[in-house]
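All remarks here apply to the structure that follows.
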Amino acid sequence: DKPTVSGNTVHITFPNSMMKGELLKARPKLLKYFRQKLNNYSIDFQITVNEEEEKRYAYTPQEKYNKLLEKNKELAKLKSIFKLDL
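Reading the sequence shown from the start, the letters are residues 29 to 114 in this note's numbering.
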């Protein structure tokens, strides 16, 4: 999901703790940059992990195909017409 802003806090949700950890490593530099560029030294990040978010991402070719198929049912016709495999 997109980050949201509430007052001076930017709320960021990640699908796993590894991504949260990467942002936490870069947090001091990011905060410094945003605070200087926006001339607002009260800005802060609130970072949360929502494991349910990870389920929305497609990883395998079959999962990617299924996601695309949800958006456009005509994809199944194309797959059949051109005899495509995953």
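Cβ atoms here follow ideal geometry from the backbone N, Cα and C, with glycine treated the same way.
Treat the numbers as computed from the prediction; the structure is a model and nothing was measured.
Just the Cα atoms here: how many angstroms apart are VAL38 and MET47?
16 Å
What would DSSP say about ILE109, mapped onto helix, strand or coil?
helix
Mind checking which residues open and close the beta strand (DSSP E) that includes SER34?
32-34
Take TYR93 and list the residues in its own chain whose beta-carbon comes closer than 7 Å to its own, dropping the five residues that flank it on each side.
LEU114
ASN94 lies in the alpha helix (DSSP H); which residues open and close that run?
89-99
Output needed for SER45: all residues of its chain with C-beta closer than 7 Å, excluding positions within five of it in sequence on either side, in chain order.
VAL77
Please state whether the Cβ-Cβ distance between LEU51 and ILE75 is less than 7 Å.
yes
When you compare only the Cα positions, how much space is there between LEU97 and LYS111?
16 Å
Which residue marks the beginning of the alpha helix (DSSP H) containing TYR61, and which one marks its end?
45-66
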